[in-house]
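Some notes on the structure that comes next.
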Amino acid sequence: MQYNIAVVKGDGIGPEIVDEALLVLDRVGEKFGHSFKYTEVLAGGCSIDANGIPLTQEAIDTCKAADSVLLGAVGGPKWDDVPSDRRPEKALLGLRSELGLFANIRPAMMYKALSDACPIKKEIIGDGFDIVICRELTGDVYFGRHYRAESGLGWGEMGCDDMNYSVYEVERIARRAFEMARLRSGKVTSVDKANVLETSRLWREVVTRVGLEYPDVTLEHMYVDNAAMQLVRNPGQFDVIVTGKLFGDILSDEASMITGSIGMLPSASLSESGKGMYEPIHGSAPDIAGRGIANPIATILSCAMMLRYTFGLTAEANAIENAVEKALDAGCRTGDIATAGDAVIGTHEMGTKIRELI
Ligand code: IPM
Ligand code: MG
Numbered sequence: 068m069q070y071n072i073a074v075v076k077g078d079g080i081g082p083e084i085v086d087e088a089l090l091v092l093d094r095v096g097e098k099f100g101h102s103f104k105y106t107e108v109l110a111g112g113c114s115i116d117a118n119g120i121p122l123t124q125e126a127i128d129t130c131k132a133a134d135s136v137l138l139g140a141v142g143g144p145k146w147d148d149v150p151s152d153r154r155p156e157k158a159l160l161g162l163r164s165e166l167g168l169f170a171n172i173r174p175a176m177m178y179k180a181l182s183d184a185c186p187i188k189k190e191i192i193g194d195g196f197d198i199v200i201c202r203e204l205t206g207d208v209y210f211g212r213h214y215r216a217e218s219g220l221g222w223g224e225m226g227c228d229d230m231n232y233s234v235y236e237v238e239r240i241a242r243r244a245f246e247m248a249r250l251r252s253g254k255v256t257s258v259d260k261a262n263v264l265e266t267s268r269l270w271r272e273v274v275t276r277v278g279l280e281y282p283d284v285t286l287e288h289m290y291v292d293n294a295a296m297q298l299v300r301n302p303g304q305f306d307v308i309v310t311g312k313l314f315g316d317i318l319s320d321e322a323s324m325i326t327g328s329i330g331m332l333p334s335a336s337l338s339e340s341g342k343g344m345y346e347p348i349h350g351s352a353p354d355i356a357g358r359g360i361a362n363p364i365a366t367i368l369s370c371a372m373m374l375r376y377t378f379g380l381t382a383e384a385n386a387i388e389n390a391v392e393k394a395l396d397a398g399c400r401t402g403d404i405a406t407a408g409d410a411v412i413g414t415h416e417m418g419t420k421i422r423e424l425i
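What the sequence shown shows, in my numbering, is residues 68 to 425, in sequence order.
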């Protein structure tokens, strides 16, 4: 079977890590008899350089026509001064909304081999850490109106960003979270700021109502500030966290660090049809771009998520995940996951090792 994948390498370390991930996909194709066809799409800073805008209609159309999208990372200091409506991040946000990608699935899981890289004391982290953040992706303050107004208080201009969530948006992400919890340990923690925000009060009401349809799943509500604290105080209490776009952005970076490195974590962004875009949760890391030292694992694991969620290829996804685990067990370490005394390897060596283990 042939699978058509739109590939957005993007900026910074994006091209290096995506190249390794594609070689891994090729290896899976060879082993399991699939063919993956890649169509490269420019988006982000590289599209600003080539086309003057971060996301062209052609790029959107190519991504829509593909079976799924693989994305490296976008952005970098080179484009810091472009006007806000043309920043590289707009490409990411544009793709998410154009493709209707409302559910951002961000697993944060610690590998045994990397437990030394976890910054939390052993007594607290216990046997490990394995949670999934189910982050709503197309609403919230990101997609509200962004504007400037006069404060009227003599305090000068005011920056305003409207935060909003509709019942429908909360319902569909809540269902995703409950379904996922059913396949895991049966617990959902919904994170909001319902003591202050009206969007959060609606969020809590709707999640509670949807929760009644899942009596087998335990639902707990937590304010976001407390959740940020609880994640380091007692990480083992969490399994599935469902939250909005802004809180999910922050909590997923925090959760990633508990696993040892943000360079390890993949993500899936899914639409109602199951079509998706897959990307590492880290950014374009311009400080290390072009040096061949970035960790490609998050992107490689994003391919595994693609195989599992969009293509339904479970054995193939497992093959990638097992190979990553074996490479780590064999002591392969890029700089970000190395601890004192470890031999450090580069992006391509890590990718090669994982490929060989498939
Ligand atoms: C993420 C990123 C993006 C977000 C930025 C680049 C727009 O931080 O995917 O976590 O905030 O959604
Ligand atoms: Mg983020």
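The C-beta atom is built at its ideal place from N, Cα and C for all residues, glycine as well.
Cβ pair Ala-244, Val-237 closer than 7 Å:
no
Taking its Cβ as the centre, do 16 or more other Cβ atoms sit within 10 Å of Met-68, making it buried, or is it exposed?
exposed
Between which two residues does the beta strand (DSSP E) carrying Leu-380 extend?
From DSSP, Leu-380 is part of no beta strand (DSSP E); its letter is neither H nor E.
Based on Cα-Cα distance, which residue from Ser-114, Gly-142 and Leu-181 lies nearest to Gly-330?
Leu-181
Does the structure place the stretch 308–320 close enough to the stretch 206–223 that three or more beta carbon pairs sit under 8 Å?
yes
Per DSSP, what are the beta-bridge partners of Lys-104 in this structure?
Asn-71
Drop a sphere of 10 angstroms on the beta-carbon of Met-344, count the other beta-carbons inside from all chains shown, and report buried for 16 or more, exposed for fewer.
buried
If Thr-366 sits next to Ile-84, beta carbons under 8 Å apart, how far is it from one beta carbon to the other, in whole angstroms?
4 Å
For Val-255, report the span of its beta strand (DSSP E) as first-last.
254–259
Does the beta-carbon of Met-296 have 16 or more other beta-carbons within 10 angstroms, so that it is buried, or is it exposed?
exposed
Unbroken stretches of the alpha helix (DSSP H), 4 residues or longer, contained in the stretch 107–179:
112–118, 124–132 and 156–165
In the DSSP output, what is Ser-334 paired with across the bridge?
Glu-346
Length of the line joining the Cα atoms of Phe-99 and Ile-191:
41 Å
Which residue's Cα is closest to the Cα of Asp-396: Gly-143, Pro-144 and Met-177?
Met-177
For Glu-287: DSSP bridge partner residues
Thr-256
Closest residue to Ala-248 among Thr-266, Thr-285 and Val-274 (Cα-Cα distance)
Thr-285
Within the present structure, is the beta-carbon of Asp-354 separated from the nearest heavy atom of the ligand MG by less than 6 Å?
no
Between Phe-169, Trp-146 and Glu-125, which has its C-alpha nearest Asp-116's C-alpha?
Trp-146
Whether Ala-425 touches Ala-386 by CB criterion (7 Å)
Before going on, a small fix: residue 425 reads as Ile here, not Ala. Taking 7 Å as the Cβ cut-off, Ile-425 and Ala-386 qualify as a contacting pair.
Taking 6 Å as the cut-off, is the CB of Leu-286 close to at least one heavy atom of the ligand IPM?
no
DSSP has Met-432 in a bridge; who is on the other side?
Because the chain here runs from 68 to 425, residue 432 falls outside it and cannot be looked at.
Since Arg-202 is in the beta strand (DSSP E), which residue starts that stretch and which ends it?
197–203
Could you please go through the chain and list the residues whose beta-carbon is closer than 6 Å to any non-hydrogen atom of the ligand MG?
Asp-316 and Asp-320
Would you say Leu-368 touches the ligand IPM, meaning its beta carbon is less than 6 Å from a heavy atom?
no
Confirm the yes/no value for this check: CB of Glu-388, any heavy atom of the ligand IPM, distance under 6 Å.
no
Which residues in the same chain as Val-108 place their Cβ atom closer than 7 Å to its Cβ, once the five residues preceding and following it in sequence are excluded?
Ala-73, Val-74, Val-75, Ala-126, Thr-129 and Cys-130
Would you say Glu-156 touches the ligand SAM, meaning its beta carbon is less than 6 Å from a heavy atom?
Absent from the structure shown: the ligand SAM. Ligands present: the ligand IPM and the ligand MG.
Since Ala-335 and Tyr-281 are thought to touch, with beta carbons under 8 Å apart, how far apart are those beta carbons, to the nearest angstrom?
Not really, about 21 Å apart at Cβ, beyond 8 Å.
Check whether the Cβ atoms of Val-149 and Gly-111 sit closer than 7 Å, and answer yes or no.
no
Hey, would you say Leu-138 sits closer than 7 Å to Glu-339, going by beta carbons?
no
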